[in-house]
Structure formats: C-alpha cells, structure tokens
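Peer 1: The opening position of the sequence shown corresponds to residue 0 in numbering that gives the first Met the number 0, with each subsequent residue numbered one higher. Even glycine gets a Cβ: it sits at the ideal position worked out from N, Cα and C. One structure, as structure tokens, below. Some questions next.
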Amino acid sequence: MTEYRGAGDAEGVADFLAETAVPMRLTTHRPDETLWTVALWYRYEDGTIACATGADADVVSFLRADDRVAFDVSVNDPPYRGVRGSGVATVERDVGKSLLRSLLERYLGGTDSELARSLLADDREEARIEIHPEDVYSWDYTERMG
0 MTEYRGAGDA
10 EGVADFLAET
20 AVPMRLTTHR
30 PDETLWTVAL
40 WYRYEDGTIA
50 CATGADADVV
60 SFLRADDRVA
70 FDVSVNDPPY
80 RGVRGSGVAT
90 VERDVGKSLL
100 RSLLERYLGG
110 TDSELARSLL
120 ADDREEARIE
130 IHPEDVYSWD
140 YTERMG
C-alpha cells in the first residue's frame, strides 16, 4: 500500500504525474552500494510509473541486482510543484517497444523525428522499468508563489 504525504492525496499525485511531461529522476544503487541517478521519460498509470530505456543501460543491470529506487518528478519553473518518493522497480522487455512509442508520443508529439527513428531502430532492444511507489511525498507552492 502506498503512503501519501504532503500537499496531495493519491488522486492529486496521479493528476500531477499524468499531466506533467518532464523527465523523472530515478535513483538506484550500483553494485558498490553508491547511488546512481538517471533522467528518464515516464508515463503514470494505475499507481505505477513506467519508463523505457535501452536494455543494455547501466541502470537496467543495477535494478536487476537491487530493485530499491527513489524518484523525483518536479517542475523547474515557479510555482514549484512535484512528487518524490521511494519504492521498488521491476525490469522486463518492452515488447514491440510499445512503451517507448507511447513515451515518444508524450514527449515529442510523435515518432517522426531522427531521435525517434534512432530509438525505434530494429537493432536496439528496449527495457521497460516499472516503479511501484511505496512512499510518496508531494509539494505545491502555487498559493505561496501565486
């Protein structure tokens, strides 16, 4: 069961994550127990945060060894709002690159770009990372910052 603290309840957090298309910062542990943070595009659905990355990315091997994660999704311009938390992640193949395609639509507005074609290339294998939040904290300084 996810615990929500801060400015928003589960519905408010879900609305923010669904409407905010900024990269998520995902932190995991390297084999030597030091921390590793990457920025990834994400999609939020039904309490789960899903990201795609190359199957050979370091973060994929780190998550397979240790599934504990922390995450942050926040805007850089006032009024400051965001969601951060911790949880566990699972990694599997992004079959047919379906998640990647949906992320390209969300962040680039489609798959008709050089970047999209490069990411969707047949010789590139894609991984799907699903984050299952356990502890979530949100903040919203809209009223304070007007």
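From Arg-105 to Ser-137, what does the alpha carbon distance come to, in whole angstroms?
Peer 2: Each residue's alpha carbon lies about 22 Å from the other.
Peer 1: Report the three-state DSSP secondary structure of Ala-126 (helix, strand or coil).
Peer 2: The answer is strand: DSSP assigns Ala-126 an E or B state.
Peer 1: Ala-17 lies in the alpha helix (DSSP H); which residues open and close that run?
Peer 2: Run containing Ala-17: 9-18, per the alpha helix (DSSP H) assignment.
Peer 1: Would you kindly work out how many angstroms separate the C-alpha atoms of Ala-120 and Gly-145, rounded to a whole number?
Peer 2: Taking the straight line from one Cα to the other gives about 45 Å.
Peer 1: Measure the Cβ-Cβ separation of Thr-84 and Val-37 and say whether it is below 8 Å.
Peer 2: It should be pointed out that residue 84 corresponds to Gly in this sequence rather than to Thr. In this structure, Val-37 does not lie closer than 8 Å to Gly-84 by Cβ.
Peer 1: Helix or strand or just coil, what does DSSP make of Leu-103?
Peer 2: It is helical.
Peer 1: Quick one: measure Cβ to Cβ for Arg-42 and Arg-92, integer angstroms, because I've assumed they're closer than 8 Å.
Peer 2: Actually they are not in contact, since the Cβ atoms of Arg-42 and Arg-92 sit about 17 Å apart, beyond 8 Å.
Peer 1: Closer than 8 Å, CB to CB, is Glu-124 near chain C or not?
Peer 2: Among the chains of the structure shown, chain C does not appear; only one protein chain is present.
Peer 1: Return the chain-ordered list of same chain residues with a C-beta closer than 8 Å to the C-beta of Thr-110, the five sequence neighbours on each side being excluded.
Peer 2: Same-chain partners within the cutoff: Arg-100, Leu-103, Glu-104, Arg-116, Leu-119.
Peer 1: What is the rounded straight-line gap between the Cα of Glu-18 and the Cα of Arg-4?
Peer 2: Their Cα atoms are separated by approximately 20 Å.
Peer 1: With which residues is Ala-51 paired in a DSSP beta bridge?
Peer 2: Answer is Arg-127.
Peer 1: Going straight from the alpha carbon of Ser-112 to that of Asp-14, what length do you get?
Peer 2: When rounded, the distance between both Cα atoms is 28 Å.
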